[in-house]
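In terms of the UniProt record's numbering, the sequence shown has 63 at position 63, counting the first letter as 1, and numbering is strictly consecutive.
Glycine included, each C-beta is placed from N, C-alpha and C at the ideal position.
Remember, it's a predicted structure, so these values are computed and weren't measured experimentally.
The next block holds one structure in the form of structure tokens; read it before the comments.
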Amino acid sequence: MEEEDKYSFLQPLIPSSSSNEINDPSNNFKLFKNNNSIILRILFVLLVALISIWANFEASKTFSITLVNDTKDSIAGHRFTLSYVSNDKATRILLNTSSFVQHFLYPTNNHNYPEKNVNSVTLRLTRQNITTTVSTGEIFNSYVIDISHTLLEDDQQYNNKMAIVGAVQLAMARVWLYDGRSSAPSGLIDGMAEYVAEMAGFRRERVSVTKCDGRRSWWVDMDPRVVVGYLHYCEGYKKGFIQRLNQALKDTWYDRMVDDVLGMPASKLCGLYEDSSFNLI
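This is the structure we're talking about:
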């Protein structure tokens, strides 16, 4: 009896596992799977953190970014916060669209194409029923991109994520284009922005071409989707035309600037373009 009591007292509180259980392959697999799951979760959190740090670092190298939600209490406002602000998606869209425009307008390591100075960009979701617009900010070389709440209120457009990207791409082209210190015709600059957006893959539905009679410039009172057709023809006629015209607009604007960059009078261009297949693009 004494031996039995002694034995029960010395029994471990946690039952020992047999060597067969320890070496059971199924147990080893479960342990390996659980460890992998934990490691993957940690790696995912680190990846999200690194992406956020990278986005902020990239933004600091180029220009500062501010996101403004003027419709916080609306459906569009909630969607903007959830899908574009909280996960830094809006910041990444601004950086990616900006990168395309910069590389297109200002070829790397080419001193003949000095880049425009852009200090800050604000992306603002506005309550106004407007198309995407770009305006200058209060600070020098700062810009405000206003996007309409309708892009996020309409379920079809909200689910089409590229609608937002396309709108920002068009606006970012407008930000980086020179405009002769605000003296160049808005119709021409808007057409150039449309051209850059099309080159990025965001082509809007074309409208019927208004005949150009040669007595006025083909960008005056024209829809940008019409002007972009003429610009495609100019680029096809003289490769690099868009980049050279943008550089010519760096500090000034004069009426014959397009003619000089193209090497052809605008009146002659009208006839050539309208007789070509470019106006059917």
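Roughly how many whole angstroms lie between the Cα atoms of Asn96 and Glu274? 35 Å
Using the beta-carbon count (16 or more within 10 Å), is Glu3 buried or exposed? With a pLDDT of 47 at Glu3, under the threshold of 50, the predicted position of this residue should be treated as unreliable, and no value is reported.
Counting only C-beta atoms, is Ser37 closer than 8 Å to chain B at any point? The structure shown contains no chain B; it holds only a single protein chain.
Would you mind giving the Cβ-Cβ distance between Tyr237 and Leu262, rounded to the nearest angstrom? I have them listed as a contact below 8 Å. 7 Å
Starting from Ser120, follow the beta strand (DSSP E) in both directions and report where the run begins and ends. Ser120 to Thr126
Kindly indicate which three-state DSSP category Ile130 falls into: helix, strand or coil? coil
Please report how far the alpha carbon of Leu43 lies from the alpha carbon of Leu50, in whole angstroms. Their Cα atoms are separated by approximately 10 Å.
Nearest-angstrom Cα distance between Ile189 and Asp155? 32 Å
Quick check: Val118 and Val175, are their CB atoms within less than 8 Å of each other? yes
Rounding to the nearest angstrom, what Cα-Cα distance links Ile242 and Thr108 in this structure? If you take the alpha carbons of Ile242 and Thr108, they lie about 16 Å apart.
Tyr143 and Asn246 - do their beta-carbons sit closer together than 8 Å? no
In or out: Gln169 buried (at least 16 other Cβ within 10 Å) or exposed? buried
Straight-line Cα distance separating Asn112 from Gly191: Looking at the two C-alpha atoms, the distance is approximately 23 Å.
Taking the C-alpha atoms as reference points, what is the distance between Ile22 and Ile65? With a pLDDT of 49 at Ile22, under the threshold of 50, the predicted position of this residue should be treated as unreliable, though the coordinate-derived value follows. Going from the Cα of Ile22 to the Cα of Ile65 covers about 56 Å.
Test item: CB-CB of Ala266 and Ser217 under 8 Å: Using a Cβ distance threshold of 8 Å, Ala266 and Ser217 count as a contacting pair.
I'd like the ranges of any alpha helix (DSSP H) spanning at least 4 consecutive residues and lying wholly in the segment 184 to 269. For secondary structure counted as the alpha helix (DSSP H) over 4 or more consecutive residues, the segment 184 to 269 holds these complete runs in sequence order: 186 to 199, 224 to 237, 241 to 248 and 257 to 262.
Could you tell me whether the Cβ atoms of Ala171 and Ile130 are closer together than 8 Å? no
Using C-beta distances below 7 Å, list every residue in its chain close to Tyr158, excluding the 5 sequence neighbours before and after it, in chain order. Arg79 and Leu152
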